[in-house]
Amino acid sequence: MKTQAEFPLFSRLPAELRNQIWQDALPDKIGQLLYFYKKGCWCPRRVVEGEQGYDPDNDELNLAFEFRHELLDPVKIDVPGYFVSRESHSISSAWVRGQGLKLFSRKDELIFVRPFHPLLDTLYVPLEKWDDFISEPYDRTFQPDLLYRALNCPGIYFTRIAIPRALLEKNRDPDPLPAFFDWYERFNRLFIVINPLPELQPDNNDTGVQQQRWELEDMQGPMYFWNGASFEWQDGHCAGDNALYKRMEETSNMLIETLGRTRKDCFEVRCAVAVAK
1 MKTQAEFPLF SRLPAELRNQ IWQDALPDKI GQLLYFYKKG CWCPRRVVEG
51 EQGYDPDNDE LNLAFEFRHE LLDPVKIDVP GYFVSRESHS ISSAWVRGQG
101 LKLFSRKDEL IFVRPFHPLL DTLYVPLEKW DDFISEPYDR TFQPDLLYRA
151 LNCPGIYFTR IAIPRALLEK NRDPDPLPAF FDWYERFNRL FIVINPLPEL
201 QPDNNDTGVQ QQRWELEDMQ GPMYFWNGAS FEWQDGHCAG DNALYKRMEE
251 TSNMLIETLG RTRKDCFEVR CAVAVAK
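In this text, residue positions in the sequence shown follow full-length UniProt numbering: the first is 1, and each later residue adds one.
Okay, structure coming up:
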């Protein structure tokens with residue numbers, strides 16, 4: 001963004017017009033952000049007095065094993081007007097607060113990031129990370145600090161997971177969805193990302209920040225919906241990519257026994273696209 005020094009007449013504009021210019025320079029409102037799975041989020045945590053599951057008589061039982069979503073890399077959000085002038089700073093600050101952003105110190109600069117919000121955001125699992133995603137909670141419980149420990153397993157606190165279309169198309173035994181429902185039982189929305197996403201999060205990224213902002217956009221198409229008793233198609237007809245919709249049916253139907261056992265009232269599978277912002 002150009003500074004006021006490059007527009008010497010800017011300060012002579014009416015205050016209302018200057019404010020409108022700063023408002024128009026703000027980033028787009030943040031939508032459904034995608035955060036990329038990484039190993040290391042499954043961790044033990046001590047259950048404290050007042051929490052559900054706390055045992056006042058046996059402290060050995062006060063150990064929770066859960067997916068700590070706060071350990072996911074936050075997403076970088078560019079807010080250029082924040083550092084330009086006092087006037088633009090005031091307007092940008094209000095936007096920053098409204099979007100739940102935080103300042104993050106990286107090397108010699110300050111940037112804004114948005115931490116994962118379990119009620120709003122979506123965890124994306126790339127194809128090459130799928131096996132880690134499935135096996136990590138099992139493997140972690142066999143590490144020395146957790147071996148033979150009584151664990152309270154609340155699991156996850158988010159409800160939305162996205163996977164690439166390639167995961168459904170790749171021949172796997174067993175099918176992918178039932179394989180991870182034991183640990184990720186709380187989620188109730190599965191998005192199939194149909195567009196290829198090149199180098200979403202390189203393995204050599206050691207900044208602690210997700211550099212590219214990706215947002216999930218629902219497609220105007222049908223979803224495969226679990227109503228508590230059976231699956232059914234809703235929100236339109238299955239026109240277009242029949243092979244994909246058929247595979248969605250086959251994979252989702254593998255969950256019927258699990259969904260019935262866990263008494264889930266609703267669960268949905270739908271297609272989406274990921275858009276770089």
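From the three backbone atoms N, C-alpha and C, an ideal C-beta is built for every residue, glycine too.
A quick note: this is a predicted structure, and the numbers were derived from the prediction, not measured.
(message) Classify Gln-210: buried if its beta carbon has 16 or more other beta carbons within 10 angstroms, exposed otherwise.
(response) buried
(message) In the DSSP assignment, the alpha helix (DSSP H) including Phe-133 goes from what residue to what residue?
(response) 130-141
(message) With three or more C-beta pairs closer than 8 Å as the rule, is the region 135-151 touching the region 102-118?
(response) no
(request) May I have the straight-line CA-CA distance separating Asp-132 from Lys-39, to the nearest angstrom? (result) 7 Å
(message) Assuming Asp-218 is part of the beta strand (DSSP E), what are its boundary residues?
(response) Element bounds for Asp-218: 214-226.
(request) For the alpha helix (DSSP H) holding Tyr-124, just list the boundary residues, first then last. (result) Note, Tyr-124: premise wrong, no alpha helix (DSSP H); beta strand (DSSP E) at 122-124.
(request) Note the first and the last residue of the continuous alpha helix (DSSP H) segment covering Glu-16. (result) Here the alpha helix (DSSP H) through Glu-16 covers 15-24.
(request) Quick one: which unbroken alpha helix (DSSP H) runs of 4-plus residues sit fully inside the UniProt domain "2EXR" (7-92)? Chain order, please. (result) 15-24
(message) Which same chain residues end up closer than 7 Å to Thr-258 when comparing Cβ atoms and leaving out the 5 residues on each side of it in sequence?
(response) Pro-178, Phe-181.
(request) Could you tell me the boundaries of the alpha helix (DSSP H) in which residue 285 lies? (result) Look at the range of the chain in this structure, 1 to 277, and you will see that residue 285 is not part of it.
(request) Tell me where the beta strand (DSSP E) around Glu-249 begins and ends. (result) No beta strand (DSSP E) holds Glu-249; the alpha helix (DSSP H) holding it covers 242-253.
(message) Using 8 Å as the cut-off, can you tell me whether the region 88-96 makes contact with the region 133-146, which would need three or more C-beta pairs spanning the two stretches below that distance?
(response) no
(request) Report the rounded CA-to-CA distance for Met-254 versus Gly-260, giving the unit in angstroms. (result) In a straight line, the C-alpha of Met-254 is about 11 Å away from that of Gly-260.
(message) If contacts are defined as beta-carbon pairs under 8 Å, then Cys-266 and Ile-194 qualify, I think. What distance do you get, rounded to the angstrom?
(response) The beta carbons of Cys-266 and Ile-194 sit about 23 Å from each other, so the pair does not count as a contact at 8 Å.
(request) Give me the Cβ distance between Ile-77 and Leu-123, rounded to the nearest whole Å; I'm assuming they're in contact under 8 Å. (result) Wrong, their Cβ atoms sit about 18 Å apart, outside the cutoff.
(message) Please classify Ala-274 as buried or exposed, where buried requires at least 16 other C-beta atoms within 10 Å of its C-beta.
(response) buried
(message) Buried or exposed for Gly-221, going by 16 or more other Cβ atoms inside 10 Å?
(response) buried
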